[in-house]
Each structure stands twice: as structure tokens, then as C-alpha cells.
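Position 97 of the sequence shown, counting from 1, maps to 1434 under the numbering used here, and the rest follow consecutively.
By construction, the Cβ of each residue, glycine as well, lies at the ideal position given by its N, Cα and C atoms.
What follows is a set of notes on a single structure, which appears directly below.
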Amino acid sequence: MKVIFLKDVKGVAKAGEIKNVKDGYARNFLFKKNLAVEATPANIKKLEERKLQMQEAELQKVNDAKNLAEKLKNITVKLVKKAGENGKLFGAVTAAELEEALKKEGVDIDKKQIELPEPIKNTGTYNVKVNLYKEIKGEFKVVVDAE
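Quick look at the structure:
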């Protein structure tokens, strides 16, 4: 019996695949647990439509991420922190502070997306990378001045 898998089934198939399985396995396990449906022409058409919608949504997310990366290139975040005489900060600039500063610039990014190998602990200019979507990354400048 041909079935369309609705969810990933370990060792058998991934969601969206059409496979031939034994009738008993399909009726007694896959259908009862809503892991698959029978591969009728109507169900195959629904699957194709859903795949097309998912591809369009994926393309939209990629375009949005690329546009955001371009916008980030032009952004310079200025932070003023208390610092010692040699430019060493009392405390550090964290991803959460950068997230707040970006929100003030009109960019909504989660702090988990900001790549800080280590917190910024000195005054100066830094380039900070941001993971936007899958392999798409953006970068913005951070200028840290002493108070």
C-alpha cells in the first residue's frame, strides 16, 4: 500500500515522502497514530500544494533575512559605559544590551542570534555577527565609549 508520511518515522521515511509499506503496518500503526495517510490522488495533490506553500514561505524567509543583513550593514550601535583609565570597562557589553540597542534602531533580533565569542570588555569599535536564518549572517558595528 502506498502511503504519504505526515511525520518523520525513524528508519522508515521522513514527512512528505510517498512510500510503499505493508498493508497491516499502514492500517494498524501508521494510520492509527496519524503518522501517514493513504496515497490517493486527492492526498497527493494536497501534499504537492503544501510543498509549494512551504517552498514559497522558505523563499520569503530567505529574502527577509537577506534584506535584514543589508539593513544591518548600515547600522552603528553606540554604547556608553563606565570605564577605567586604560579603556577597560567596568562590566561588559552583552548580547542582551546589543539586542536592546538594535530594537531602538528598529531591528528586532533575539539575543540568541547575536554571535559574541566573548563579551566586549574594552572601549573601541567592534564588528558583531548575527545569525539571521540558516546560513545567512549579518554584521553591524558597535562603538563602545567611556562615560
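task: Sort E1386, A1420, D1345 by Cα distance to P1378 and report the nearest one.
output: E1386
- request: Classify V1480 as buried or exposed, calling it buried when 16 or more other Cβ atoms lie within 10 Å of its own Cβ.
  value: exposed
task: In the DSSP assignment, find the alpha helix (DSSP H) that holds I1341 and state where it starts and stops.
output: First-last for I1341: 1339 to 1342, but that is the beta strand (DSSP E), not the alpha helix (DSSP H).
- request: Apply the 10 Å Cβ neighbour rule to G1421 and answer buried if 16 or more other Cβ atoms are within range, or exposed otherwise.
  value: exposed
- prompt: In its own chain, which residues sit with a C-beta less than 8 Å from the C-beta of K1478, not counting the 5 before and 5 after it?
  reply: I1412, T1413, V1414, T1462, Y1463, N1464, V1465
query: What residues match up with T1462 in a beta bridge as DSSP calls it?
result: V1480
- prompt: Can you round the beta-carbon distance between I1457 and A1438 to whole angstroms, since I take them to be within the 8 Å contact cut?
  reply: That belief does not hold up - the Cβ atoms of I1457 and A1438 are roughly 12 Å apart, past 8 Å.
Outcome for E1434 when other beta-carbon atoms lying within 10 angstroms are tallied against a minimum of 16: buried
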